[in-house]
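A short worksheet on the structure shown next.
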Amino acid sequence: MRSQNEFSYGGDASVKRPLLNKEVSDQEWDNFVYNRKSLRGKHLELWQHISGCRQWIKVERDTSTHEIFRTFKADEEVA
Amino acid sequence: MQKYSVFNLIKNALSNHEKWDLAWKDPSPKKEYDVVIIGGGGHGLATAYYLAKEHNITNVAIIEKGWIGGGNVGRNTTIIRSNYMYDDNGLFSEFGMDLWRRMSQDLNYNVMFSPRGIINLAHSDAQMNVYARRGNSMRLNGIDAVLLNREQVKEIIPMADFSENVRFPIFGGLMQPSAGTARHDAVAWGYARQADSMGVDIIQNCEVTGFDVSAGKINGVRTSRGDIKAKKIGLCVAGSTNILAEKLNMTLPIETHLLQACVSEPVKPVLDNVVTFGAGHFYISQSDKGEMVMGGDLDGYNSYAQRGNLPTLQHVLTEGIAMMPFLSKLKMLRTWGGIMDMSMDGSPIIDKTHIEGLYLNCGWCYGGFKATPASGWTFAHTIAQDRVHELNAGYSLNRFNTGHLIDEKGLGTKTWIS
Amino acid sequence: MTQNFRLKNGGLINRDKKLSFKFNGKSYFGFEGDTLASALLANGVHLVGRSFKYHRPRGFFGAGVDEPYAIVQLYRNGETEPNIKATEQELFDGLEAKSVNCWPSVNFDIGAINNFLKIFLPAGFYYKTFMWPKSFWYRVYEPFIRKAAGLGVASTKHDKERYEHKYDYCDLLITGSGPSGLASAYAAAKNGAKVILAEDKPRFGGTLLTSDVNIGNQSGKDWSESIISELKEMPNVTVKNRSQIFGYYDHNMLVMSEKVSDHLPKTKKYHPNKRLWYIRAKEVLISSGSIERPIVFGNNDTPGVMLSSAAKEYLKVYGVLVGKKPLVFTNNDSGYETAIEFKKNGVDPVVLDTRKNPNSEIVDEARDLGIDIKYSYVVVAAKGYKKVKSADIASISEDKRQLGKIERFKCDCICVSGFWTPTIHLASQSGNKTQFKDEIDAFVPGKSKQNETTLGAANGIFSLEQTLKTSFEAGNELSKKITKTDKKISVPNVVEKKSSQHDKFWCVPLPKGKNYKRFLDFQNDVAVSDIEIALREGYRSIEHVKRYTTLGMATDQGKTSNLNGLQLVSEIENKVVPSVGHTTFRPPYTPVSIGAIVGREVGKHSKPTRKSPMHLWHEKHNAVFVDAGVWLRPRYYKNGDESLFEASKREAKNVRSNVGVCDVTTLGKIDVKGPDAAEFLNRVYTNAWLKLPVGKARYGVMLREDGIVMDDGTTTRISENHYHMTTTTAQAANVLSHLEYYLQLVWPELNVNVVSTTEQWAGAAIAGPKSRDLLQKLFPKIDVSNEGLPFMGFIEGDLFGIKARIFRISFSGELAYEVNVESDNGNFMWEKIIEVGQEFKIQPYGTEALSTLRIEMGHVAGSELDGRTIPYDNGLDGLISKKKDFIGKRSLQRSAFTAEDRQRIVGVVPLDKQTSIPEGSHLVKDDKAKLPNPKLGHISASCWSVEYDNPFSLAIMKDGKNMIGQKLFAMSPLKNKVIPVEIVSSHYVDPKGERVRS
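Chains as they are written, first to last, in the numbering used here: chain A, 1 to 79; chain B, 80 to 497; chain C, 498 to 1495.
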């Protein structure tokens, strides 16, 4: 178990950046840049091991209990 | 309604305090209202009050999941200020300052507004310049602001660290003398009592479970105490905005985060002003009870837990001691957390929505308490007139689409970095 | 003074060591092992302080952490600390303490006038008055209230004490060394588990120190001592006294405050005052016991009224009699234990039991000892102002509503027992949803939330036999799972007296015609009548009641008052207690020193300090430093008594006319390597990067996805797949993280690696018309001509035997180079540059001169790239590629960003060419317009142009593109300045950029 202090938060991991050079609507772009579900309960989010190996990871955490269910590597698809 | 006064206090004392009226009633919901305000926090209560007082709309219900005043209005650090750089924020907040100054009399409830002044400390010339930009903007907007040099700051708060053994020396500060504090619970209760007296139904322990929307129009709300019809519904639920937005199939530029605060044991008066640390995010004031009221950073990850973790508090208190070393010998008495609507540019949203009859008041970040009267006043106007007032025109939902952002701190969308 | 109330024998104090101390200026003696409270009581001192609101006399109520009112100002080793509980402060020689919240003295306190006005000061009275006239609240009423409130006095001196942090892991953390703590620790330790056992008091054993029980043929106390000494010997066990677990956080992280030095006259050398432990435990056993709760009756705050368990503890642990004519008032068997102790020590107590005919071993024992017991009796009110002198007592009817005839009973103390409240704070902090247990009229933990198990009295189990049995079991079971060892411990034989049912009675009714204050919260002066008012006025939620009356909000956080408050609310509201619910338990369990929470990061160490390898040279040469984030950079080099203005002007001038050298080590540096590096940079920066040749540098701007400029800097192609990126000092860490984000999460297909090299390189910028001549002397073998090393060129060279990188880049706008060497050689490089540069009149220059140089050239920096501007605003729109996509490009299409009158950078010159424009001023059309006066833009940076010898500023202003030539006003109301100005181009000097290419 590592201390929270070693990590830095990176926000909602379910947000997908639109592909480069692809035409996107205002709505799609705003959904990527600004709009967030941010609900109570399970939340898939990004953390970076900033004072360690510098890897970004995905973490499935409960936003009301802080319980951590699963973690994923940066390039791992979350089922 | 019974008027609160010193004479009435004496009169009631002589009858053993057995004849005080209810501050507000506890009615069951009616089938239908003209306006339903969701959220019995400061903003919701103020909105109902101004709907009744300014717009003569009294067939209003406030529905609250728990007990009124239990959200951020009851768990903030009570700071009231209008020291903003951008016009949208500055003019809106200064309008609010006027309402604060007469609130106790308006509500006939002592909310203990005290203009004890707020000082933002600066720790470099560059920071003094940034403050000057903000302070000059305030002055040009008719808001009081004073730029203090190191000696002037020392005169006001000699207990801050002016020694050699300091990492970030104090260069000076920006002060808004008319800023201050108020008794947070009293604000909620004062608005509730007056709103109730004008006919507003305050319905507690009533949770929203869904909405009745058809053909792009709102018809009512479903609650744990039955369905309630309403022509207009105002959403005023900072901290739960995303949860209710989901029930409306809306996704908003808001994330939900936790902000912790703490108080020390009470001590005799030592600090009269509100002071913020410029080399971090610490702020402090002393309550009338004598407790040092302290706060700082967000916990830094999306959270609905009204409880925080110690590393953040440790970090905040480290900055506290860096600013005022005497805090070291005091003891931390109580800690708590509040759930914040963090908007993507740090400024709030008070607007109509794409659903007819549905109005949105959210995204207050950690500045919601001071905005209570102005938010209630403008939100009531927006609901009553079905159009925004010029004071809240900047707080539109579509500014994220147009790029008319109001980003006081320049931090952008990483809402968790405070 | 003699210790009149100290028994001849007995107690666990060390009678061989007499300690002297002072209270309110008067000298007393106590013994080693005393608390301040026990020592004062031994001397017959009961009056300690005054209450918060009514300033009523207050004494001792408990004997430990639950104490609501024995609060003093402590003086120790030349320092003072407010709000120390006398019941927790161990006595040391030379201790001094004073009463708080009273003036002029605790005996005669002016504030006590409130006690006579109390009928006018019910709960919430301040919400109903002090509103007229309007300005009087802040000016008159509030200052008065503030002065009257607030217990002790905070010293504003710097704290000389040191505080440490310690991090530890264990299999089982056990929070309290009473019977359940000892038994579970012992069982777990025997299974080989790593155990930490924490006890907040100086002595281990908890209730075993005061209970009349027998375990395995030893007294409870002896048994606890033998267990503790065995545990102390075991290598897998850490036993800590004076250590309070005060917070239960997520993922089984608990925090403990260890008082290392508070019991000593002064902190030992190399010792901290306190040590804060962060403990991550696999399992937590909560063995925090229970706290006796009072029965509420009239004037129950009078000094001399105290918990019966406290009276017993003073007797058994400290050999102190809290009174010589005690009255015990109880609704359960516990009161009898205290009575029996009194009796055994030659003092005759009288017991009032609210029960009609209790039947248990201990009642029989008391009766057999000849103790006077009155059944179905209650204390109606305590009598006496500063000390109990007598009590009004009466019989009570079976339904507990009717009082019999009031009798006056002479006594000097009243020991109260209203049964026991489990200490569930930690379980509740952990997230455990507590549940109400009817048999004990209190809450106990429900289903565990984290890995926590609550044992013994904390779990509502008051039988010792059952406590030991379940605790041995829990310790064994939980440790067995971790260590895979199962050494069953046989539970020792227990002899204890069986208890009978307590009486569900907690508040004595008022006799007719009497208006006694019956206190619930002693420190905050919250009485039964206050709760009644709150409910009458509609403050019905328990949170409303708490906030309106301040019940449970004092420094004891309601340890003895919350449950009685709940009982009252549920009775009046006609609800059951669990449906009223309790208010939330939050850390800390008991107040914790802020110094301990912060630890060592104080003073200069509150944040790290970073210095360049040339720092010592700068220091030696009179550099005045400026904080740049955590870095220290030379702001200017002071020559004699020069001012900042004079020095920076001299330094900047020298750059424009000769050559200067500036330490640029603090710039962020990132190595970008890999076959796809060019493609990556092309996506990160707004301009094109695919065709940059090896040996060339390029300036780039990167955006956030919302279109706002994130950072700028030059990146150099060192070799085919290797780029050297520079960032601003402020954004270095953010940029690295930003790049890693895109490489790992968005474009993992790109074969690129990034790593920070900021610390690897020391950098010196050599700038000025003579910089080429200097460079040639430093690198004689290199062709440094404009053809050999053109603008934005890069070459590696040999600097007196050291490998160096030379970049021809310029921030000052002059012909300039940046030389990088490995950090270890930084100082060597710097000294060589200074030495060789002498013939070219080289001078070092600091950040202030650097600012001047960049401002008059119109180069943007942090004050323009402030997280709110897009490339266009900074005149950087020429760097936006139309052909390719990049981070943030889509956002630039937004209407506010493409508006015709969008803000843009301009230059500003005062019309008088004399008056400097303060940074942070705003540009307005009409300086006399009524407020709010529309602002057109703000001054982002100002300098004294050394080129033209007049002030020059940069501004970001609305429609800046079309404003050149306009005459406006720069206003700084903060500095009382209105300066007529003209708007000019932001490129004030060398607008075509010829110098950098020369």
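Heads up, the beta-carbon is just placed ideally off N, CA and C, and yes, glycines get one too.
Residues bridged to residue i (per DSSP)
i: asparagine 1447(C); result: Ser1442(C)
i: tyrosine 438(B); result: Gly313(B) and Lys431(B)
i: aspartate 1124(C); result: Leu1129(C)
i: tryptophan 47(A); result: Tyr9(A) and Ile57(A)
i: proline 823(C); result: Cys910(C)
i: histidine 1419(C); result: His1435(C) and Met1468(C)
i: serine 25(A); result: Answer is none; serine 25(A) lacks a bridge partner.
i: lysine 595(C); result: Gln570(C)
i: cysteine 667(C); result: Ala778(C)
i: asparagine 948(C); result: Beta-bridge pairing links asparagine 948(C) to no other residue.
i: glutamine 1340(C); result: Gly1157(C)
i: valine 941(C); result: Gln932(C)
Enclosing beta strand (DSSP E) for residue i [first to last residue]
i: glutamine 570(C); result: 568–573
i: asparagine 1317(C); result: 1313–1319
i: arginine 512(C); result: 511–520
i: threonine 71(A); result: 68–73
i: methionine 1460(C); result: Where methionine 1460(C) is concerned, there is no enclosing beta strand (DSSP E), given that its DSSP letter is neither H nor E.
Residue-level contact to chain A via CB, residue i, 9 Å cutoff
i: leucine 866(C); result: no
i: cysteine 1006(C); result: Contrary to the premise, residue 1006(C) reads as proline rather than cysteine in this sequence. No, its Cβ sits nowhere closer than 9 Å to a Cβ of chain A.
i: arginine 1180(C); result: yes
i: glutamine 748(C); result: Looking at the sequence itself, residue 748(C) is histidine, so the reference to glutamine does not match. So yes, histidine 748(C) belongs to the interface.
Chain C within 9 Å of residue i, Cβ atoms only
i: methionine 96(B); result: What sits at residue 96(B) in the sequence shown is histidine, not methionine. Histidine 96(B) counts as touching chain C.
i: serine 161(B); result: no
i: serine 38(A); result: no
i: methionine 191(B); result: yes
i: glutamine 184(B); result: yes
i: glutamate 48(A); result: Sequence check: residue 48(A) is glutamine here, not glutamate. So, interface residue.
i: alanine 74(A); result: yes
i: histidine 483(B); result: yes
Short CB-CB distance (under 9 Å) between residue i and chain B
i: asparagine 511(C); result: no
i: threonine 71(A); result: no
i: serine 3(A); result: yes
Run of the alpha helix (DSSP H) containing residue i, from where it starts to where it stops
i: leucine 679(C); result: 676–687
i: lysine 90(B); result: 85–93
i: serine 454(B); result: 451–464
i: isoleucine 322(B); result: 320–326
i: serine 831(C); result: 831–841
i: serine 172(B); result: 166–180
* Asked: Listed in chain order, which residues of the region 402–421 of chain B have Cβ atoms closer than 7 Å to some Cβ of chain C?
  -> Pro404, Phe405, Leu406, Ser407, Lys408, Leu409, Lys410, Met411, Leu412, Arg413, Thr414 and Trp415
* Asked: What residues from the region 1201–1214 of chain C come within 8 Å of chain A, judged by C-beta to C-beta, listed N to C?
  -> Glu1202 and Asp1203
* Taking any Cβ of chain C, which residues in the region 209–233 of chain B have a Cβ under 8 Å from it, in chain order? -> Val209, Tyr210, Ala211, Arg212, Arg213, Gly214, Asn215, Ser216, Arg218, Leu219, Asn220, Gly221, Ala224, Val225 and Leu226
* chain A contacts from the region 1220–1254 of chain C (Cβ-Cβ distance under 7 Å) -> Cβ contacts with chain A: Ser1234, Glu1237, Tyr1238, Gln1241, Leu1242, Val1243 and Pro1245.
* Asked: Of the residues that make up the region 302–324 of chain B, which ones have a beta carbon closer than 9 Å to any beta carbon in chain C?
  -> none
* Which ranges does the alpha helix (DSSP H) cover as unbroken runs of at least 4 residues, wholly within the region 1253–1277 of chain C, from first to last along the chain? -> 1268–1275
* Asked: Looking at chain C, which residues of the region 129–162 of chain B have a Cβ within less than 9 Å of any of its Cβ atoms?
  -> Gly145, Trp146, Ile147, Gly148, Gly149 and Gly153
* To do: Within the region 847–935 of chain C, note down every full beta strand (DSSP E) run reaching 3 residues or more, in order along the chain.
  => 847–850, 869–872, 874–880, 887–892, 904–907, 910–914, 917–919 and 932–934
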